[in-house]
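Report on the structure given below.
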Amino acid sequence: MKKILMISLFAGMAMLQGCTMKSNDAPPPPKMKPIGMANPADVYCTEIGGKLNAKQNANGQYSTCTLPDGQEIESWELFRRDHPVKK
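For the sequence shown, the residue numbers in mature numbering (1 follows the signal peptide of the UniProt record, and there is no 0) are -16 to -1, 1 to 71.
Now the structure itself:
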């Protein structure tokens, strides 16, 4: 009797084991890497011999460029001035 009970118990456990849910074996998606691209306006400032100056106001952070002749201009203003959009 004990033998039949033990066999039934093991058989039941084996059947239940087959009913367990499989986990998702797919690897997680790769993490996004930062682009690592520098601000084009700041790059242009240094390319033409200017010096970058980090600034902050109520609207946030921005940078100015001190040109070799001493003129100080906002970096994007300089970039747009020297790279006008062609229509």
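Note that the Cβ used here is the ideal one computed from N, Cα and C, for glycine as well.
Owing to the predicted nature of the structure, the values given are computational and were not obtained by experimental measurement.
- Beta-bridge pairing by DSSP links LYS39 to TYR46.
- Below 8 Å, too few C-beta pairs join the segment 38 to 51 and the segment 10 to 22 to call them touching: fewer than three.
- In this structure, DSSP gives ILE32 a state outside helix and strand, which the three-state scheme calls coil.
- Under the three-state reduction of DSSP output, ILE19 falls in the coil class, being neither helix nor strand.
- With respect to the C-alpha of CYS29, the residue from LYS(-15), ILE19, LYS70, GLN55 having the closest C-alpha is GLN55.
- Note that the C-beta distance between THR50 and GLU58 is not below 8 Å.
- Short of 7 Å from the beta carbon of TYR46, and not among the five residues preceding or following it, lie these beta carbons of its own chain, in chain order: LYS39, GLU58.
- Here the alpha carbons of GLU61 and PRO68 stand approximately 10 Å from one another.
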